[in-house]
Each structure stands twice: as structure tokens, then as C-alpha cells.
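Here the structure comes first, spelled out in C-alpha cells, and everything after it is commentary.
Protein chains: 4
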Amino acid sequence: MVDLQLEVVAIGGYEEVGRNMTAVNVDGEIIIFDMGLKLDRVLIHEDTDISKMHSLNLIEMGVIPDDTVMKNIEGEVKAIVVSHGHLDHIGAITKLAHRYNAPIIGTPYTIELIKREILSEKKFDVRNPLVTLNAKESIDLTPNLTLEFINITHSIPDSVLPVLHTPYGAIVYGNDFKFDNFPVVGERPDYRAIKKLGKQGVLCMISESTRVDFEGKTPSEKVASDLLKNDLLGADNQSNAVIVTTFSSHIARIKSATEIAEKMGRIPLLIGRSMVKYCGIAEDIGIVKFPENTRMTGDPSAVDRIFRQIMKEGKENYLLIVTGHQGEDGAVLSRMVTDKTPFKFEKYDQVVFSADVIPNPMNAAQRYMLEARLKRLGVRIFKGAHVSGHASKEDHRDMIRWVNPEHIIPSHGDFNLTTAYAKLTEEEGYRLGEDVHLLRNGQSLKFERII
Amino acid sequence: MVDLQLEVVAIGGYEEVGRNMTAVNVDGEIIIFDMGLKLDRVLIHEDTDISKMHSLNLIEMGVIPDDTVMKNIEGEVKAIVVSHGHLDHIGAITKLAHRYNAPIIGTPYTIELIKREILSEKKFDVRNPLVTLNAKESIDLTPNLTLEFINITHSIPDSVLPVLHTPYGAIVYGNDFKFDNFPVVGERPDYRAIKKLGKQGVLCMISESTRVDFEGKTPSEKVASDLLKNDLLGADNQSNAVIVTTFSSHIARIKSATEIAEKMGRIPLLIGRSMVKYCGIAEDIGIVKFPENTRMTGDPSAVDRIFRQIMKEGKENYLLIVTGHQGEDGAVLSRMVTDKTPFKFEKYDQVVFSADVIPNPMNAAQRYMLEARLKRLGVRIFKGAHVSGHASKEDHRDMIRWVNPEHIIPSHGDFNLTTAYAKLTEEEGYRLGEDVHLLRNGQSLKFERII
Amino acid sequence: MVDLQLEVVAIGGYEEVGRNMTAVNVDGEIIIFDMGLKLDRVLIHEDTDISKMHSLNLIEMGVIPDDTVMKNIEGEVKAIVVSHGHLDHIGAITKLAHRYNAPIIGTPYTIELIKREILSEKKFDVRNPLVTLNAKESIDLTPNLTLEFINITHSIPDSVLPVLHTPYGAIVYGNDFKFDNFPVVGERPDYRAIKKLGKQGVLCMISESTRVDFEGKTPSEKVASDLLKNDLLGADNQSNAVIVTTFSSHIARIKSATEIAEKMGRIPLLIGRSMVKYCGIAEDIGIVKFPENTRMTGDPSAVDRIFRQIMKEGKENYLLIVTGHQGEDGAVLSRMVTDKTPFKFEKYDQVVFSADVIPNPMNAAQRYMLEARLKRLGVRIFKGAHVSGHASKEDHRDMIRWVNPEHIIPSHGDFNLTTAYAKLTEEEGYRLGEDVHLLRNGQSLKFERII
Amino acid sequence: MVDLQLEVVAIGGYEEVGRNMTAVNVDGEIIIFDMGLKLDRVLIHEDTDISKMHSLNLIEMGVIPDDTVMKNIEGEVKAIVVSHGHLDHIGAITKLAHRYNAPIIGTPYTIELIKREILSEKKFDVRNPLVTLNAKESIDLTPNLTLEFINITHSIPDSVLPVLHTPYGAIVYGNDFKFDNFPVVGERPDYRAIKKLGKQGVLCMISESTRVDFEGKTPSEKVASDLLKNDLLGADNQSNAVIVTTFSSHIARIKSATEIAEKMGRIPLLIGRSMVKYCGIAEDIGIVKFPENTRMTGDPSAVDRIFRQIMKEGKENYLLIVTGHQGEDGAVLSRMVTDKTPFKFEKYDQVVFSADVIPNPMNAAQRYMLEARLKRLGVRIFKGAHVSGHASKEDHRDMIRWVNPEHIIPSHGDFNLTTAYAKLTEEEGYRLGEDVHLLRNGQSLKFERII
């Protein structure tokens, strides 16, 4: 005869792809999921050094979630739970976490990345305890609340599906994931645990929706590996430089490239500050093992040294794996093509873009300029060796059928994506406003059912 | 001190994708390459039974090449050479070949397909001798002219790159091909032979250009196989019908599907008249070996019988591989969804489109209607498990560099494609009108250089 | 101290463009707004004669609104109110109206069109009283409910903004409209009445959203008239046939064409059954006055006769205004181009499409085939002489600011449009789920505020 | 019995939209048409001050035509003829003209603009005589060559169709033009003169092709004027700032805006350095007469002063017409929105973009950022009040039919446009390589016919 006292607060990521942040309030005990950045808002405000900026300015600019709504939520934050290490999920921690007297909980790789973020922050002093929880493990957050990490696949290692077990049923935080049955790094999704959730009863699933508008199923990372092989082992490139550029955090992709380097008889060279950060940590904590002869260089002067060596010894002995696939100004590839390094491009050198253009006009322009410059130099450009890290429509359908939640809240997208997700749920028998809910940033959903 | 007496006549496929036909006249000895259909012209004229129509009508409608220009070419046709068995390369043989007193030469699979075409023709009686030449073999057509078949990869088995060796140098007919280093059926392209051509001296290469506007390199058929695996082994489909639809002539794709069926514990069932034709011939002549339990059914009454059996025994025991990926009216999939067969779709049955929509509005409409009908029935649709059979820009660049022809003529496309190809040749040092030539249907290029 | 007893029931048009139907229940007195068709669902089911079909089949096919939800609404239907005469607003009357014991109320032109619909219906006998209400007039529907018709502009004459005045405030049914300050037929929108509504207090506005995703303001019909003039008076067409094709119900556009015909020294000829219906009624009831020498022909045999006359006397003496802008199979233009009439196209004859292609693949295909056939005959095609009849984003913003409703429900579109509208309302201070509401077909919104 | 000694040299604009330059060599007397910039090449090389750069660098960057090919052309340059004052036609004069000992000939407005270009050039000293020739006038360039200027319409005043009358027939330089029958500034095209050309015999027409891929006919500038009226007189803007931004050189558009300002009861204010340049000259030489109360301000400090005045006196008293429609960094609108002027935007202020986004990714990004910033401030954005200044497909067809040239060379575009033009000529009976010719930059066409 008591009302259900559970509330989901949509803080960020409910009107955009990016700056994810959600709070779940269970009888006054609050768990926060993710604190991320919205990176393209930064691009609109050029010459912005985020590390020196104050939260309120960043909120006003739309760069980080507007957590001022938390003032209206009665309760105490018990934990900040992060799903994986991408910046749109952890990038706002350095700006927001210090406001909450609560530990930050993530998988080992994610926690290591958060440590680096905290180290490079110049405005705030983040002292929240950092707690490591492995996939397939659980932890009691309070006597009433247990957090479970289910192993999942995504485009960064050590990603999990956090599940909050509450007295009213489980809350599944499905943000982000794909179902990869042939992963290159890590294990397949823990389907058994996911299906078990469905049998035990899930009150609410919060789900990403960034790629729900693609019909079918997202291809496995193995496909990307084959595509990379196709480009690197197929074209006539024996006497030319070969350069791969991809996301620094995409350890599986980078691993594939280093292994193909072996088949090409080339030494894999990871170049770029963030390349070293993400790959270095991954190797340090044993998530990945690159081939013995792999080398990493991030420090600019060391980068220059290695480029001089390459130019002297012959480019054809190396496979360069560099930052800069979006044409970002300071990244290695942009610096290479504008002669800011000792590297010199020659006709028939080969650049493989193992990443899509992130779809906004600023990225499109940067990438266009990068490609225009490469083409002027006669460089051969290869595209398409990429697969997404996000679930497509039929992956989501399986997820819904397996988890079988009473309520669903789509997130990580604006209306175009959250409503595409809502339409999918309608196909599965849900009804808008009844058991599938469109929230906007700052809104919350209270479960007021009589128990 | 004699003018070069070699002429390339662009008959069809120089203003469109389709109805390929080219003649090469060497001192009065004429070799014809391909005689194909332009299929979408047929769609514009509904209710057309091509098999009963006369050549001149079909020419007027733009369905077959306008070979009336041959009247102005002085010389004698010595051979009709076909590159592979797709209808846009062989489909006009039944309408045009009887006009020429010359043998038709092709690889075994292609020749078998031509035999079937001739059998189903109702207007003309085609009695040209059919001559089989294997990849890697040569044949002397006249004392001056030798035909070589170089093994190449494409989306149908037994495809070759025909090369005509003439006293003035070789003529390479590169129409159609891709460079697949991990083919599922057949061998890798004969790179050694291609490079050898370049060293011996090639006077002119005629090259397809249908996909030259895609940057990079076309993915291997192995990628398509992985994508199919991703869809078939990934989604939750244990208790549902699973249907794959692809090109009947795409034996490699069909082979992949039948092998995945084994992993799924299902019996592969090839359904549809043309499915049986292409796959049956391929198996008969030893090009492919499907799993033991594979079954094929083409005859409508047998198809009905098998569907009744499936409905009774349980759809979950079969993997159906059917015709109809473009939503064509009479094809198996369209008949299934409009209840013209005993098959009944149920919610969660799965259809995998392993083919792109051929980009014209009529196909788009048919396919849209097909998908709309499937969705109304709750059928899950999977797309994207496909790769092209045509070379992309960087494949073409390698081809040009290896073959190193004195002259190039792009074909198999309208200006948008042939000029994309011309731009590529400009990057490789060719100049429009000098050594790269844009021909229109009916035009010819004479080589008038002094020897 | 009493709950508000007002409910808006979304019956059709809340998940699609088309089949509009909304019910408003005020203390048990129900007013229905519109009963429309969704035309492209008909195209998916070819060979369908709607006039002979039963409501339940049409509901199941998604062609008409699913009004079976009305069974759950307690109250009595007092009136069926129609906003204007387009089929997506009146086309289901013949299938649904007989179930309700209530009069149908519309403006004179709309009521005349409904009469024709009823006459051609073959399945149901519709005997509801037909009541005429002019723009700027009001009528008491019950002691509590008054209906007001506010004059508005749209792409058909005699369109109104129906407003239901209730004890709880006004309900504005803004479906469909544009703000045209330079209309070709009829008067400018009654801005004074609209602004007055805002001052009196509007409880809820139901608004179309079909074009809210276009930034700026929809151009006036005067622009279309200028564009038509541009095409007709600009190109070199003195000795050729000139044919305009547009919507038969677009009386303003047709009027412009007939007046330009005068400047061209040509006799305007309206050809096609529906052309005669819409234009004939419009002239009969005095909405429009075509030039004296305008002729109309709808009956097929008369059409043939007139075409024979044209061919004999010289096409250059006429401006033909015909049906068939979407390439519809039986329409006049399709029949002309496939030689089903005595009209013969010649090179340089001119066809002006004064209508956009309705964006679905079936229309795209039909129109593509039509144009392909015209081009084969050497006919010159002119496009772009068209403006929309629907409000764009900034028109909607003005509407919202003027009407200032407490609640808003976007309609006439699926999520892509209704959420684009919702985003606009957010810019104006509304909040999703609080005062702007996304309904799906079959859902209703109850106003439960304490008075 | 003498060969025809006439040669057309394609120098720039034959592989791009921009940097137009063509030479015609008649028996050793050379006439150059246009010397233009390719502006987007400048955007790729940021921080470039063109006025200080050397020709060879600009050639290498692809910014100006590569006229080094002129070294191979035997003859003497007799005149540099410019068609109109757009930078893609005159912008390279300051870099290239000094190399030629020849006068520059243009209409009065064009010549005035060239004078300003020369004044702001910092690298080269251009001393070529500047000769004014009015539309409808002719001038003898040499005893053999006469230049005629035919009045034509385009998006800048005083545009002409230069015709070179030679002993071998006329050469028509149709680059750029539209056929506007209701022009806002200047007179209708001189159709009589154009048709007369066709009767006298034209050897070769060089034609722009930038918009030939649009079906139909380009709308008149009157339509743009109506569209502007629609936006400015339609929306609810009485108490808000209203800002129009368009091309500074588009005098007709600016005139329309100033006249609508009168109807709005606002003072028209032209703001921006180039706005003052183009409009000031136009008024000075009597091409246009703006309303009495129109004010112009270009100097930054004066601009600041006027903005302060506006903010004080009330924005609602002015119609601002400013530079910056592409979001260019230093332009007035960009400076306004980034608070670099005393102007402050408020919610509901209105910006009307009377210009399309020039389609390249850099412009798209700049414009996107501009609009994002405006929207954040609540500014209402209006788009679409624009028509092109270039001929569409059917305009070109009329041109070809009227001029009836023996040979045609499409220019001002890459293959996508020049081949679209070529296809049109095929419809009119021309044949590629025979009488319609695709040239690439640096190539030339010799007329070797026997006279």
C-alpha cells in the first residue's frame, strides 16, 4: 500500500549524442551513471581550453551535463558509476564529481583513464575515491542497492552494462553497447547474465539509441579487422609509407593493425599523445598484448625524432598508426600533412581512415581539408575500414526481448534517435507515455505504482 | 611508315551502366566483346516479354546495344568474346549474335549460361558455335590475333579479363572486375599475368568504371561472408524462419550462406528458378561444392510442395536462400509475402538482404513495398551483408599502374562514372583526348599513329 | 473543486502524414475533427478500389483512421467538423461517418466536395446531415459548445481553422494552414481573430506539423504564380504544346495558369475528371472566376475529342492544364505520354510540373517513369513552379505566440515531424509531457486540472 | 584552301567552378576572356593574404588560372575582356594582367570594380589601360577582330555576353548569364541580338555550365524580391531587429530589400566594407537608386558608432543589410553574433539569409557555426529568399537553339557540370568530340577546317 519511491533523472544526453548523465534515486539513495562531455559543442567555441574552465560556463555552453537539477532531488548521492572510458561518458567527471561526496566506480581500464583525466584537470581538485569493479562482479552500494557489472562489447575495452538491483526491481543502464560475437579484444557479451535479468524482472532499462535507426545488426569488430586487412594487404604499397588512423581508444582496431603490420613485414608504430595514453594503459593492465616489435611515441620531440628516423631508414619498413582521423588541428596526421613534422609525404603513400567522419559540419570541414591536402600530395586514401561500436535496430530488439523491462527510457540522442528507439519498442508492444518514456534533459520519471 | 589500322568501336555501355558491347577492328578482323542487356530499361516498359521481341524494337527502347553502327565498320567479325555470365554482358547475345558469322568464346560457366539463354529465346535462332576457353589459356583467333583469358575476381564465378594480342600491342578488356585477395569461390586474380601485360606493352585498356567513384579498395567477398555470419549467427532466431536473399548468380555468397546454415544446424534450401539455374550449373561443372544436405527447388509446384513441408516440419530447421532481393514481382520472396505460396510469415521471422538496392526509382519502389509488407507481418529485416563485385578507385589505380596502357577508354557507365575514371587517369599522368578517351555509344577511336 | 472533464483523442494522423481524425470529448459531448485517407497506403496495395471496400479492411490496411478506439470514449458525438476539402481530411467520411449520428459541418466548398465523395461511394450509405458554415461564422453545437470558423490560407479554397469554444477554454484545430499574405484566391488569414483567441485564453491547440522542419516562412502563392509566369512566358515555346500539371484541388494555381494563358494568347483547357470536379465546383459556388474562354473536359470521350481538335487546329493555340503530376497511372498526362489519347508529343513541347513529387518511393518511381517517357519524346520539362500549402517553422512560431495555448498537441506527421514541432515549442517555453504532448494514434490526453 | 587558324585555349575554370580564363587566338591575335579567382582554394589555406602573394604561388595553390600555358601560344595579346564584376571573373587581374601588354575592356561597373582591385593590390603594379564598353556597343580590337557586348542578366549589374567577331565567324563567350524577363535592376537580355548572332553564324560558343544540372528555367530576380517580401512583411517582427544578409555585389537584391524597408517603415542601413564598395559604385555610376533615407557604413569605427546608435534609438527603426551570409570570419554578421560590435541580439530578432550556402564543407561549417550561435540567442532564422544568377537547363537549351553555334565548349565547372552540359547538347544534335568539346585546363581546341 506504499507508493514506489524510485525516480530516474535525465540530466544529460537526452537531447543530444554526448554529455551522458543519469541519476537514479531509490528511497533517497542516489546513484549517478556517467558524467560525459559533448565534444562538438567545444568545436563551436574555438580556442577553448576546457581543462581551465569552470563548470557553470561549460554547462551554459552545453559542453557538460547541467547537473544543477540535482538540487531539486531529495536524497544523498551514494556512488558515481561509469559504464566505459569514452569521453562522452567520463569527460565531465573532473568538472562535476567533486560536488558529490561519493566514490566513482568503474572497471579497471575505465578507472585508469579517469585518473589521467583528473591529473590533467587544472581548475578543480577531484578527490572522490576511485573504486574498481570488474565485469561479472557485484558490489553492495548500500544495504538496499547492489551494483552488478555485466560484460558487454563496445569500441573501447572493459565496457560494461551496469545494473542496479533495487528493492523495486533492477535498473539496467544500457549506454553504450553492441553485441559482438567475434570480438577482437575481450570476451563476447555475457548473454547468460542478460537473459537472467529478464527472468528476474527489470523495472526499467535506460538504453542508448545512437544507431537504432540502422536496420539490421551492427557488424562484428572482426569485420573491421578484415576490412583493414583488405586495404593493407591488398593495395600495391610495398615501397610506400602506409599510415592507419583511428580512435586512440579503439584498442581492438589498433591491435588488428599491429598484427597486420607483422604480415606486411613492417614495424608497427603508434604515434600521438592520446595513442600512447590509451594503448599504454591497455597494455599495462593486461587488456591487450601488441606484437613484440610495436613502438609507441607521444611526446612531440620524440615524435619528431622517430619521423626523422623513418625518413632516413625508409618508410616502407613501418606501419604508422596515428591520431587525427577527423582532421583535428593538433593531431599527428594534420601536423604531418602541413609539414610540421620531419615526415614528408610522397606520391602513392597510403592513408587508411579506419573511422567514420563524426557527422557534424565542423568535422566534415576539417576532414575535407585534410583529405584535400593529402590528395594534392598524391597520397592514396582508403576509407570504409570501420564498423560501429553501437547496437543497431535488431540488436536493440534482441536486448529488449531478453531484458524484457517493464519500462524503457531511450537516451544518448535527440528526438530523431530516441523516437526511432520508441518506434522499435512499439513494435515490441510498448506504448509511448505508458511504458516507454521520452525524457528531456532535466526531466525525471517517477515510478508511482502501488506495490 | 604505315598508319596503325586499329579501331575501338563503342557500341553499348558507354552512356549507361549496362548493355555492354565493344568491337575491336584490327586490319579488318573484328572481335566483339560482350553483348549485354540494360535491365532497367525493361522496367520502364512494363509487361514486356523480351524473349519474344525483335532486336530493332529492343534497340529503340535502349534495352540492347545499337549494333547497327557495325554496318559502317569495314571488316569481318571473327569472334564474339564474353567476359563473364552477367546479363548486362551476355543478355543480348540471343538478339544480336545470329547476325554475325562468328563463334562465341567464353569460360565454361559463362558458356553454359549462354546455352540456357539461347534455349529460352523465342524470336531468334542462335546457331553461332560456342567455344570454351579457360582462364589462363590462350587461343589464336586469326593468324594475327590471339585471345588470352586472365583469371580475375568478380561477383560471378569464372570471370576473366580478356586480352586481345595484336600486332600493334595488346587490347585489355577490363569489364568487369574486382581485386579480391580472399575469394570464397575460385582463385585470386592472376596478378602475375596482369603485371606481365604491362611489361609487354598494352596499346589500349577498356575499363569498367561503375564503382570508380568509391574511394579506397572494394572489400573482399570474405567480408561479405563475415557479415552474413554476423547476421545469421548473431540475432536471436532459433525458433524462427530465416531467409537469405541474394543474386542467383552470386555463387560465392550462396556458398557462404549454405555453410553458415550448417553452423546453425539448418538445412540450406535454394528456392527459385534462376537460383536453381545458376547454382545447378555451377555445381555441375565443379565450380562449387555446396554442403551435402543442400536442396534446390525452382519449379513452382515443387516450390509449393517444399513450402508446405517447411510449414509442417518447422521453419526453424531450414535456411531459405531465395530470389527476390529487389522486390521483383514474380520472384520467390515477393510471392511469399503476398501469400502466393503456402509459406506463412510470423512475427520475428528473419529476412537477410544480402544485396544492395540497384539504384533506380523503380527498384527502390519495389523494394520499399516488399519491406513494408514484411514489416507489417513483424518480420525482422537485416541489411548490409553485401560487398560489391566492382573495383573501387584504388583498385583501378593499381590496375592502371600495373597494365600501364598507352591509351585508356572508360566504359560501363555514363559521364558521371567515365569522367570519374578519367580524373583518376589524370592523377596518373594521362590527358583527356590524348591518351584517355571518352567515347559515346556509336563512336569509335582510331589509332592513327605512324608505326 | 471539480476535475476538468475534457479529453482529446488522437485517432489518426498522429503517426503519419494523412488519415487525420481527432475527437474532443467535453463532459460527454464529443466533436470529431476530420476523417481523412492515407493515400500512399493505397499505393502499396495495388488494384484496390477503395469505393467498394469495408471500413475494417481499410483500417487494417492503415488507409483510414482506426476509430474503433471511440468505443472506449464515453459520450455522444455531436458533430463531425471538417477543416478543408483535401482527401487526407475528408476522404474517410464515406467509410466512417455513418457510424455516428451527427451532422457534418464544413465550409461551402468543402461540403460540396463531400457530397461528391458520398455520391461515388459504393459500399456505405452516408446520410449524415451536411451543414454549411462560412469562415468568420460561428454555430452553437450544444448549449455548452460553440464552433467558430476562422478564415485561413491553404492550398485549397475555403479552408478554415475550426475553433471549439468550451466552458474550459477554446480548442484550436490548426490542421492544415499556411500564412499567406498575398493569396491568389480568397482572403488573407484572419490574424485579428487568431490574436483575439490568444487574448481570450486557449486551453489546447492541435497543430499540423508537416512542414515545421523547414526553417523560415512558407512563400506566398503569389511566388508560385510568378514562378509559373517565369516558365510559361520565359522559354521559347511559341510554336509548341505547353502543358501545366498540378493538383486539381489547387484552384489558385490553376487560376494563375489560366490567366497566364491569356498573356500567352492561348486558350486555357482544364483536362481530367478531377480537374473538372474541383474547378467546376469552385466556379459554381463563386470562389473563383476563370477567364471567359477557359474550357473544362473530364469525360474520357470528350477528352479524346478535344485532343483530336487540338492536334488539328494546332497545339500552340492552347494551354493545357491536366492531371497526372505524380505520374499516376490513369491520369491524363500518363495517358497522353503512352499514346492512349489522340494527343501526340513532339520535340520541344513543354511540360511544367507545378507540384512537388510526394516523397514516397512509389510516387518517385511513377514520376520517374513519366519523365523518362517525356524525355524520350524530346519534351522539355520544367520543375519548381510550386510552393507549399503548409506553415514552416517561423509561421508556426508566430501561430504559437499569437494563440498562446496552455497546451499543444502536434499532429499530421510521425515522430520526425511531431518532435520537430515539439522542439519549436521548447524554444517557446513549453516542456514535453507538461504542456506539449506527443500522442500516438489511439491515445488520448485528459485535462485533469482542478478548476 | 587555307586551314582555319583559330584556337580556343582553356586556361582556367574548365576543371572547377571559379578562376575563369580563356584565350582565343585568331591568326596570332589573342583575346583573353576573364581572369578570375577560385575562392574556396583560399579557404583551404587559412591565414592567406592574397593581396601580398605572388602569381606563381597562387597558381600552384590553384587559386588563380595557370596562364603559364600562354608561353606555348604563338601570337600577341590584344585585349583582356571581362564579362562582369564577380571575383571568379576579375579577381586574378591584379596577379596576371601586368604580364600582358593589352588593355582591359569591360562595362563601366565592372571597370570601376577592377580599379578598386588594383588599388588594394600590394604585390603587383597593374598599369594596363582600362577601357569602358557599354552593353549594346562594339569596338574594333584589330582590323580583323571586333568585340560586341550584348546585354545579359546575371546576379551583378552591367553583365554582358562578350562576342568576338572574327573572319571565321563569331566566338560567343557565355560566361555567366541567366535569362531574366523581369529583372529588378537593368534591362531584360537582348534576345534580339542573341538571335541575330544565330542567323549570322557562330563558329564557337563557350558557355558556363554551373547550373545546367537543374531542370527547367532559373526563376527571375522578381521571385527573389517576392520571397524577401514574404519574409520581411510576413513574420511578426514589429518590435525586433530585422537583418538581411546577401551578396554585396547583388545590387538588385539589396535594392529590393531597401524598398521593402520603406514598406516596413524602417530605415535601410547597408553595413560592411564590401557592401559600401559595391553599392556605392553602383549608385555613383547611376545603375541603381536606393531610397533617399538609405545609409551605408563600411569603416569599422563608423560601424560601431552606428550600432551604438541603433541600440539606443531602437532596432525596430532599421532594416540592417549586412555582409556575412556564409558565416565568414571577419564579416559583419559574424562580428555581431560574437559580440565584437556594440549590437546585442535579443530573442525574436530576425535574420534573413538571402543567399544559399556555397556548397563546400568549409562554408558549410562556418555557416553552421553562425546559425548555431544565432539560435542560442533566440534569433529567428529565415532561409530561401534567393534565386540563382545562372541559367538552368532549359535556359541553356534556348541559348543553344538561338545562337546555333557550330561548336560548343562548356566551361565554369568540373566534369559533373561540363558533361551535364554536353548531354544537353547531345539532345540538340551535337556529338562529343565532334562539335561539343570537353577541354581541361591548359588544353586548347584548334579549328582546322578547310575554309
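Residue numbers (the UniProt record's numbering), protein chains in the order written: chain A, 1 to 451; chain B, 1 to 451; chain C, 1 to 451; chain D, 1 to 451.
Each residue gets a CB set at the ideal place from its N, CA and C atoms; glycine is no exception.
C-beta contact flag for residue i and residue j at 7 Å
i	j	result
V8 of chain B	V24 of chain B	yes
L270 of chain A	I321 of chain A	yes
A92 of chain A	G13 of chain A	no
E16 of chain A	D414 of chain A	yes
V242 of chain D	Q350 of chain D	yes
V82 of chain B	D158 of chain B	no
Inter-residue Cα distance where the pair is residue i and residue j
i	j	result
F177 of chain A	H250 of chain C	51 Å
L203 of chain B	A193 of chain B	16 Å
H98 of chain D	V69 of chain D	16 Å
F182 of chain B	E434 of chain B	37 Å
D67 of chain B	I31 of chain B	13 Å
D125 of chain A	N134 of chain A	26 Å
H325 of chain B	S51 of chain B	23 Å
G216 of chain C	D236 of chain B	46 Å
P167 of chain B	L4 of chain B	10 Å
S220 of chain C	L113 of chain C	25 Å
In DSSP terms, what residue i is bridged to
i	result
N151 of chain D	D:V160
G169 of chain D	D:T166
P268 of chain A	A:L319
D140 of chain D	D:T146
L445 of chain A	A:V8
N25 of chain D	D:E7, D:I30
E76 of chain A	A:E29
G106 of chain B	B:T132
Residue i beta carbon near the ligand ADP (any heavy atom closer than 6 Å)
i	result
N101 of chain A	Among the ligands in the structure shown, none appear at all, so the ligand ADP cannot be discussed.
Sequence-distant residues of the same chain with beta carbon closer than 7 Å to residue i, five excluded per side
i	result
residue 497 of chain A	In the structure as shown, chain A begins at 1 and stops at 451. Residue 497 of chain A is therefore absent and cannot be evaluated.
T94 of chain D	E117, I118, E121, F124, V126
Same chain, Cβ closer than 8 Å to residue i, five either side skipped, listed in chain order
i	result
K423 of chain A	none
K136 of chain B	F149, I150, N151, D190, A193
Other residues of its chain near residue i: CB distance less than 6 Å, five sequence neighbours each side excluded
i	result
I310 of chain C	Y318
A420 of chain A	V212, D213
Below-7 Å beta-carbon distance, residue i vs any chain F residue
i	result
I381 of chain B	This model lacks chain F altogether; the protein chains it does include are A, B, C and D.
4 or more residues per run - each alpha helix (DSSP H) lying fully within the region 171-224 of chain A
Whole alpha helix (DSSP H) segments, 4+ residues: 191-200.
Segments of 4+ residues assigned as alpha helix (DSSP H) that fall wholly inside the region 369-436 of chain A:
Note on the region 369-436 of chain A: whole alpha helix (DSSP H) runs with a minimum of 4 residues are 393-403, 415-427, in chain order.
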